[in-house]
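> Mind looking over this structure? Questions follow.
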């Protein structure tokens, strides 16, 4: 495993982290024992960045991570987020960036993680009622109180990033970022680099599409989040040519398509840290192997244009 610093002044973490949305059942059912074994295997393999959210499975994933890391948390960075309150009765995600609500969220996450301090706490910037400066001000207070070490943003705009950073240094920006859908606004990416903010790339494998295992005619079971993702709808076939180009480039390098997709992100610079999620230990090993790939610049540049940029590249589904 390679290691890198998270942003200009953040902690040192594994070049590839572990997301946990799959452990919440977003892509199919997962047994708690299976999830625990996967988390422990990731630790054994040198993963030191574990990304989650209080929202995942009603907090159960935070508890899973807390138990798996008990007694093994030295040098490990756990990130979670506040501002995502609950699912409403109509299935929508509810947001609340009120300073008091954020503090309550933080305290609840600390309890579930069994921790005295959260390593990286993201502000989920989707509540238009509360100025980001007010929310960030309360998180800065929680840093001073010793409840949070570093602060990040998810779903933040360029303006919000600059306004938040003016209140308290932002260590990481959580964005959906992959060779398939480069959702991060170029101006936002440039500003993050200017400010020394890391890009934590969520959904780096396109929810499985970039592995080649999810085809156009895939049928997802009830509860699978991909059922509501427009990229897996009728227009998905337009992206098959891009996937074929990715698979062809991977074959030339004797790699899997998923491993190449992660290597492409790593080749964007040390500021970019992908956090793929999976339920499978086999897939975990395949993902982590991408850290050993040295991608030729010409391949990196060629892959940047193999997928068409569609409307959703400008208006992605929010990270949760």
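In my numbering, the protein residues as written are 439 to 758. In this text, a Cβ means the ideal position worked out from N, Cα and C, and glycines have one as well.
Which stretch, first to last residue, makes up the beta strand (DSSP E) that contains residue 533?
As a position in the chain shown, residue 533 is number 95, starting the count at 1. From DSSP, the beta strand (DSSP E) with residue 533 extends over 531 to 533.
> Assign residue 389 to one of two classes, buried (16 or more other C-beta atoms within 10 Å of its C-beta) or exposed (fewer than that).
Here the chain comprises residues numbered 439 to 758, so residue 389 is not present and cannot be evaluated.
> Closest Cβ-Cβ distance between residue 444 and chain C: below 8 Å?
Given the protein chain composition of this structure (a single chain), no chain C is represented.
> Give me whichever residues DSSP pairs with residue 443 in a beta bridge.
By one-based count along the chain shown, residue 443 stands at place 5. Answer by DSSP bridge pairing, in chain order: 450.
> When you measure from the CB of residue 470 to every non-hydrogen atom of the ligand MN, does any distance come out below 7 Å?
Of the ligands one can find in the structure shown there are none, so the ligand MN has no counterpart to examine.
> For residue 580, which option in 651, 537 and 678 has the closest C-alpha, if you only look at C-alpha atoms?
Residue numbering aside, residue 580 sits at position 142 when the chain shown is read from its first letter. Nearest C-alpha to residue 580: 537.
> Does the distance from the CB of residue 742 to the CB of residue 701 come in under 8 Å?
Walking along the chain shown from the start, residue 742 turns up at place 304. Walking along the chain shown from the start, residue 701 turns up at place 263. For residue 742 and residue 701, no; Cβs fall outside 8 Å.
> Would you mind reading off the limits of the beta strand (DSSP E) that contains residue 712?
One-based indexing of the chain shown puts residue 712 at position 274. Where residue 712 is concerned, the enclosing beta strand (DSSP E) stretches over 710 to 712.
> My output table needs one value for residue 599: the three-state DSSP class, helix, strand or coil.
The residue given as residue 599 occupies position 161 in the chain shown. The answer is helix: DSSP assigns residue 599 an H, G or I state.
> With a threshold of 16 other CB atoms inside 10 Å of the CB of residue 718, please say whether the residue is buried or exposed.
Position 280 of the chain shown, counted from the first residue, corresponds to residue 718. When all chains shown are included, residue 718 counts as exposed.
> Along the alpha helix (DSSP H) that carries residue 680, what are the first and last residues, could you check?
For the purposes of this step, residue 680 is taken as residue 242 along the chain shown, with counting starting at 1. Taken as a continuous stretch (DSSP letters only), the alpha helix (DSSP H) holding residue 680 covers 678 to 690.
> Look at the alpha carbon of residue 754 and the alpha carbon of residue 478, and state the distance between them as a whole number of angstroms.
Numbered from its first residue, the chain shown carries residue 754 at position 316. Numbered from its first residue, the chain shown carries residue 478 at position 40. Confidence is the limiting factor: at residue 754 the pLDDT is only 47, short of 50, which leaves the residue's position unreliable and the question unanswerable from this model.
> With three or more beta-carbon pairs closer than 8 Å as the criterion, would you say the stretch 476 to 491 touches the stretch 448 to 467?
yes
> Measuring only the C-alpha atoms, how far is residue 459 from residue 572?
Locating residue 459 in the chain shown gives position 21, where the first residue counts as 1. Locating residue 572 in the chain shown gives position 134, where the first residue counts as 1. Roughly 28 Å separates the two Cα atoms.
> Evaluate contact between the stretch 644 to 652 and the stretch 693 to 711, counting only Cβ atoms and requiring at least three cross-stretch pairs below 8 Å.
yes
> Grouping DSSP H, G and I as helix and E and B as strand, with all else coil, what is residue 638?
Position 200 of the chain shown, counted from the first residue, corresponds to residue 638. Taken through DSSP and simplified to helix, strand or coil, residue 638 comes out as strand.
> Looking at the structure shown, is residue 658 part of a helix, part of a strand, or coil, going by DSSP?
Locating residue 658 in the chain shown gives position 220, where the first residue counts as 1. Looking at residue 658 - three-state DSSP - the assignment turns out to be coil, as it is neither helix nor strand.
> Would you call the CB atoms of residue 634 and residue 442 closer than 8 Å?
Walking along the chain shown from the start, residue 634 turns up at place 196. Walking along the chain shown from the start, residue 442 turns up at place 4. The answer is no: Cβ separation not under 8 Å.
> If the criterion is Cβ atoms closer than 8 Å, does the pair residue 599 and residue 628 meet it?
Here residue 599 refers to the residue found at position 161 of the chain shown. Here residue 628 refers to the residue found at position 190 of the chain shown. No, these two residues do not count as a Cβ contact at 8 Å.
> Taking the alpha-carbon positions, what's the residue 658 to residue 665 distance?
Taking the chain shown and counting its residues from 1, one reaches residue 658 at position 220. Taking the chain shown and counting its residues from 1, one reaches residue 665 at position 227. In this structure, the alpha-carbon of residue 658 lies about 6 Å from that of residue 665.
> For residue 714, count the other beta carbons within 10 Å of its own beta carbon; 16 or more makes it buried, fewer makes it exposed. Which is it?
For the purposes of this step, residue 714 is taken as the residue at position 276 of the chain shown. Label assigned to residue 714: buried.
> Find the nearest neighbour of residue 640 within the set 595, 610 and 662, judged by alpha-carbon distance.
Position 202 of the chain shown, counted from the first residue, corresponds to residue 640. Among 595, 610 and 662, the Cα nearest to that of residue 640 is on 610.
> State buried or exposed for residue 527, treating a residue as buried only when at least 16 other CB atoms are found within 10 Å of its CB.
As a first step, residue 527 is located in the chain shown; it is residue number 89 there, counting from the start. At residue 527, the pLDDT of 49 sits below 50, so the modelled position is not reliable and the matter cannot be decided from this model.
> Along the alpha helix (DSSP H) that carries residue 573, what are the first and last residues, could you check?
Reading the chain shown from its first residue, position 135 is the one you call residue 573. For residue 573, the uninterrupted alpha helix (DSSP H) run begins and ends at 570 to 582, by DSSP.
> What residue range is occupied by the uninterrupted alpha helix (DSSP H) comprising residue 612?
Position 174 of the chain shown, counting from 1, holds the residue named residue 612. Segment 608 to 614 is the beta strand (DSSP E) holding residue 612; no alpha helix (DSSP H) there.
> Could you say which of 507, 472 and 616 lies nearest to residue 431 if we only look at CA atoms?
Lying before the first or after the last residue shown, residue 431 is absent from the chain, which here runs from 439 to 758.
> Based on Cα-Cα distance, which residue from 680, 445, 557 and 608 lies nearest to residue 517?
Sequence index remark: in the chain shown, residue 517 carries index 79 (1-based). Nearest option by C-alpha distance: 557.
> Look at the alpha carbon of residue 681 and the alpha carbon of residue 467, and state the distance between them as a whole number of angstroms.
Looking up residue 681 in the chain shown gives position 243. Looking up residue 467 in the chain shown gives position 29. When rounded, the distance between both Cα atoms is 26 Å.
> With DSSP collapsed to three states, give me the class of residue 399.
The question about residue 399 has no answer here: the residues shown for the chain are numbered 439 through 758.
> Is it right to say residue 590 is buried, meaning 16 or more other beta carbons lie within 10 angstroms of its own, or is it exposed?
In the chain shown, residue 590 corresponds to position 152, counting from 1. Per the 10 Å Cβ criterion, buried.
> For the stretch 465 to 536, list the alpha helix (DSSP H) runs that are entirely contained and at least 4 residues long, ordered along the chain.
470 to 482 and 498 to 507
> Can you tell me whether residue 563 is buried or exposed? The criterion is at least 16 other CB atoms within 10 Å of its CB, across all chains shown.
Here the question's residue 563 lines up with position 125 in the chain shown. Residue 563 should be labelled buried.
> By the DSSP assignment, the alpha helix (DSSP H) with residue 631 in it spans what residues?
Against the chain shown, residue 631 aligns to sequence position 193. Element bounds for residue 631: 624 to 633.
> Following the continuous beta strand (DSSP E) through residue 552, name the residue where it begins and the one where it ends.
Translated into positions along the chain shown, residue 552 becomes position 114. Per DSSP, residue 552 belongs to no beta strand (DSSP E) and is neither H nor E.
> Give the secondary structure of residue 666 by DSSP, where H, G and I count as helix, E and B as strand, and everything else as coil.
The residue labelled residue 666 in the question sits at position 228 within the chain shown. It is helical.
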